[in-house]
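For the protein sequence lines, the chains are A and B, in the order given.
This note's numbering numbers the first residue of the first sequence as 1 and each following residue consecutively.
This note's numbering numbers the first residue of the second sequence as 1001 and each following residue consecutively.
Just so you know, even glycine gets a beta-carbon here, dropped at the ideal spot from N, CA and C.
All figures in this text were calculated on a predicted structure; none of them were measured in a lab.
Protein chains: 2
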Amino acid sequence: MELAAAKLKFIEAWGKLGSEWGINRTMAQVHALLLVSPEALTTEEIMEQLSISRGNANMTLRDLIGWGLIEKQHKAGERKEYFFADKDVWNIARQVAKERKKRELEPVLKILNELSTVNGDEKDPEFVTFKKSIKDINKLAGNVDKTLETMLKAEESWFWGSVLKVFK
Amino acid sequence: MELAAAKLKFIEAWGKLGSEWGINRTMAQVHALLLVSPEALTTEEIMEQLSISRGNANMTLRDLIGWGLIEKQHKAGERKEYFFADKDVWNIARQVAKERKKRELEPVLKILNELSTVNGDEKDPEFVTFKKSIKDINKLAGNVDKTLETMLKAEESWFWGSVLKVFK
DNA sequence: ATAAAGTTTCAATAATTTTTGAAAGTTTAA
DNA sequence: TTAAACTTTCAAAAATTATTGAAACTTTAT
């Protein structure tokens, strides 16, 4: 396979994966493009390579910066802004984990904790079932949270070394 | 908080979480409803409690069965079909992991492996960067895949015991 | 065979999400 | 201060995704 075709295929696959996981397809594609670009790119170049509008490119780039996945770069003597992606895949994974934990897991944990305080009749099967399910989900979510917490602090080699060693 | 209010809040929160993770909101809500219901419910009851149409209920229930999260139940002497959810949260987590691995991770791994075979000029930074990124992502995805594989086979207590012990 | 009870399908509609593009805003250099 | 270069905003349009509802279909009992 040729490089140009491979790049397109990667961008498409990354975009699809993103959309399946609740990440805007264009955002995933812009990230993919920057991931495989040795040099920082301008908004113009991104617009052109992905055939997207200026507005879309601008918003998407802002979002990616908000996720901590890309950064602006200013080249000496140039007006234009350049964008480049952190190429360290472990940093990327941690950054995504960190943001989704904060934006999605934590709010749900908060609600689950509130829901744990519900009171009712211990003889009512509706009540008993509700409480049990909430308790179990809460416990699982807590374990996921703790694991992510560890992942955020860990070095890649240490993390996978430990996890995979346990599982051999 | 009262049970009725708590149930609504749980269904809403579960629906939101689902939609953030690429799962149809209604599907997550129906699942939530069945999770906290001690008895199996009919399509009618689900339609009514969630204010959704018959068609939507039917499709959603079919999807949930496809995901292995709920089952049909037939009560003796009754024509109606009843639906109930597996209440074991670890089974649920494994089932979701299993399906998403199959539907999303595996296709991406296949593409990444194809993309690893790309050939080009080792002096071309475009080529070198592409190859490196693909290789790194491939490795990470492989580790995720192996960990999920282990999770699918594991008992809950063993899995979290091992993972959290490593991280203490 | 018929009809009642229940289930499934799917084209049309609605809701949501994403994208556009042009206008407004900002920065820099002369 | 002006104007060119560039960036940002956001209302409107487009695209996508989810939902409805009525007709078709299936099953069961009589």
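Let me know if residue i comes out buried or exposed under the rule of 16 or more other beta-carbons within 10 Å of its beta-carbon.
i	result
L69/A	buried
R94/A	buried
S53/A	exposed
G18/A	buried
L212/A	The first residue shown for chain A is 1 and the last is 168, placing residue 212/A beyond what the model contains.
E1004/B	As written in the sequence, residue 1004/B is Ala, which differs from the Glu given in the question. Burial call: exposed.
I92/A	buried
K153/A	exposed
I23/A	buried
K200/A	Limits of chain A in this structure are 1 at one end and 168 at the other, which puts residue 200/A out of reach.
A1165/B	Position check: residue 1165/B holds Lys in this sequence, whereas Ala was assumed. Exposed.
K80/A	exposed
Please state if the CB of residue j and the CB of residue i are separated by a distance shorter than 8 Å.
i	j	result
G15/A	A40/A	no
E114/A	M1001/B	yes
N138/A	L112/A	yes
V175/A	K132/A	In the structure as shown, chain A starts at 1 and stops at 168, and residue 175/A therefore has no counterpart that could be examined.
Of the residues the options, which one's Cα is nearest the Cα of residue i?
i	options	result
R1025/B	T1117/B, S1037/B, L1152/B, E1012/B	E1012/B
S116/A	Q29/A, K135/A, E71/A	K135/A
E1149/B	V1166/B, K1101/B, E1126/B	K1101/B
K156/A	D88/A, E71/A, I23/A	The sequence given here places Glu at residue 156/A; Lys does not occur at that position. That would be D88/A, whose Cα lies nearest to the Cα of E156/A.
Q49/A	Q29/A, I65/A, V128/A	Q29/A
E1020/B	R103/A, E71/A, L109/A	R103/A
P1038/B	A1057/B, E1081/B, D1086/B	D1086/B
T1129/B	N56/A, F84/A, G66/A	F84/A
Y1082/B	W1090/B, W1067/B, A1057/B	A1057/B
Taking one C-beta from the segment 41-49 of chain A and one from the segment 65-75 of chain A each time, how about it: are there three or more such pairs within less than 8 Å? Because the criterion of three Cβ pairs below 8 Å is not met, the segment 41-49 of chain A and the segment 65-75 of chain A do not touch.
Three or more C-beta pairs closer than 8 Å, one from the segment 1008-1026 of chain B and one from the segment 1158-1166 of chain B: is that the case here? Counting C-beta pairs with one atom in each stretch, the segment 1008-1026 of chain B and the segment 1158-1166 of chain B have fewer than three that are closer than 8 Å, which means they do not touch.
Select from the segment 1003-1016 of chain B all residues with a C-beta closer than 7 Å to any C-beta belonging to chain A, and list them in chain order. Listed in sequence order: L1003, A1006, K1007, K1009, F1010, A1013.
The segment 58-65 of chain A / the segment 95-115 of chain A touching (three or more Cβ pairs under 8 Å): Short answer: they don't touch.
Does the count of Cβ pairs from the segment 136-146 of chain A and the segment 1117-1129 of chain B closer than 8 Å reach three? As far as the Cβ criterion goes, the segment 136-146 of chain A does not touch the segment 1117-1129 of chain B, which means the pair count is below three.
When you check each C-beta in the segment 1020-1034 of chain B against every C-beta of chain A, which residues fall closer than 7 Å? Cβ contacts with chain A: E1020, W1021, G1022.
In the segment 1086-1101 of chain B, which residues sit with their C-beta less than 9 Å from some C-beta in chain A, listed in chain order? When C-beta distances to chain A are compared with 9 Å, the residues of the segment 1086-1101 of chain B below that value are K1087, D1088, V1089, W1090, I1092, A1093, R1100, in chain order.
Listed in chain order, which residues of the segment 1115-1129 of chain B have Cβ atoms closer than 9 Å to some Cβ of chain A? Listed by position along the chain: L1115, T1117, V1118, N1119, G1120, D1121, D1124, P1125, E1126, F1127, V1128, T1129.
Residues in the segment 137-155 of chain A having any Cβ partner in chain B nearer than 7 Å: The segment 137-155 of chain A vs chain B, Cβ under 7 Å: I137, L140, N143, K146, T147, T150.
Just by C-beta distance, which residues in the segment 1034-1066 of chain B are closer than 8 Å to chain A? Of all residues in the segment 1034-1066 of chain B, the ones placed with a Cβ closer than 8 Å to any Cβ belonging to chain A are L1035, V1036, S1037, P1038, E1039, in chain order.
Chain-ordered residues of the segment 1155-1166 of chain B with a beta carbon less than 7 Å from chain A: Listed by position, the residues of the segment 1155-1166 of chain B near chain A (Cβ gap below 7 Å) are W1160, S1162, V1163, L1164, V1166.
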